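Report on one structure; see the data block that follows.
In mature numbering (1 follows the signal peptide of the UniProt record, and there is no 0), the protein residues as written are -23 to -1, 1 to 286.
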């Protein structure tokens, strides 16, 4: 699946973070290369039995194309260091043990509270029996959505989603207002670009520190930026990556990270951008409002294959 497809789910290629990618995806052939897997993660399961004529955004289904995300437990107590265990089951109900690596990992796990006020992007460890495990910070009670983004060996690229309930007093928070800048610590990230539903749109996220542009971003998971986008109405998911690759002799190490985003619909999206600088991975969050209408804003661009996850 390519970046445009996955943000049919949220190919808000801008991002997961720019949640701007919402697409979900088309299947790829057996034993795909890592490059093929990279491109394929842009889309999700089709609603027509796999023809791709109609596609759902990623993460809305717990089972797709014969694969199921199975949590060991769907409810747990609030705790700062809670271990989540799960398996990916195949068509016969057997745990999957072989995966195609994409962006340095066999599986990417995103865990987000339903009000999107708590977000974690982690990488579980797989044991020999097909069970994944990872520690999570579940200090805050509430309903969470767990997204597993992966490609089983010989199977399609998928993003499956399941609900996790964390017991305790739940105080849901409103979605922050849309803004073109967001801060994390001493860093400020500026969003430049506009997104039109149904069209690939070019969006650039620029990183600065203390008012000075950052020009020495470090690769993280094979890219200068890692973006997850979620549609606020239903948490439809898209995990996308930026234009270019570190070390290709063309892509600059900042301050701008460019994404191509295709929003499946108008509405509010929450974007989570991971970037690495001075050896530390930081996450900055945006709310993006995608207006209805078909007019181009001047920032639109043809979708470029190969940038979606």
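Using N, Cα and C, we set each Cβ at its ideal position, and we do this for glycine too.
None of the values given here were measured: they were computed from a predicted structure.
Using a 10 Å radius around the Cβ and a threshold of 16 neighbouring Cβ atoms, would you call residue i buried or exposed?
i	result
residue 25	No answer about residue 25 holds up, because its pLDDT of 40 lies below 50 and its placement is not dependable.
residue 151	exposed
residue 257	exposed
residue 269	exposed
residue 160	exposed
residue 226	exposed
residue 178	buried
Going by Cα to Cα distance, which pick from the options is closest to residue i?
i	options	result
residue 34	196, 181, 134, 155	134
residue 228	213, 261, 194	194
residue 189	232, 77, 237	232
residue 264	154, 140, 45	154
residue 83	68, 101, 97	101
residue 104	222, 53, 92, 62	62
residue 180	51, 219, 131	219
residue 169	93, 196, 111, 237	237
Please list, in chain order, all residues of the same chain as residue i whose beta carbon is under 8 Å from its beta carbon, the five residues on each side excluded.
i	result
residue 118	55, 143, 144, 145, 146, 147
residue 167	157, 158, 182, 183, 185
residue 72	64, 65, 66, 106, 107, 108
residue 91	119, 120, 121, 122, 149, 212
residue 116	55, 56, 57
residue 222	199, 200, 228
residue 197	203, 251, 252, 253, 258
By Cβ distance below 7 Å, which residues in the same chain neighbour residue i in space, the five residues on each side in sequence not counted?
i	result
residue 267	172, 174, 240, 243, 244, 246
residue 186	163, 164
residue 94	150
Checking 8 Å against the spacing of the C-beta atoms, do residue i and residue j come in under that value?
i	j	result
residue 234	residue 199	no
residue 230	residue 192	yes
residue 138	residue 124	yes
residue 36	residue 214	yes
residue 140	residue 51	yes
residue 130	residue 208	no
residue 85	residue 98	yes
Any heavy atom of the ligand NAD closer than 7 Å to the CB of residue i?
i	result
residue 61	This structure does not include the ligand NAD; it has no bound ligands of any sort.
In the DSSP assignment, what residue or residues form a beta bridge with residue i?
i	result
residue 150	DSSP lists no partner for residue 150.
residue 255	Its beta-bridge partners do not exist; DSSP assigns none.
residue 76	129
residue 262	249
Tell me which same chain residues have a C-beta within less than 6 Å of the C-beta of residue i, skipping the five on either side of it?
i	result
residue 96	89, 249
residue 11	For residue 11, the predicted structure reports a pLDDT of 37, less than 50, and the residue's modelled location is therefore unreliable. The matter cannot be settled from this model.
Between residue i and chain B, is any beta-carbon pair separated by less than 8 Å?
i	result
residue 195	No chain B appears in this structure, which consists of one protein chain only.
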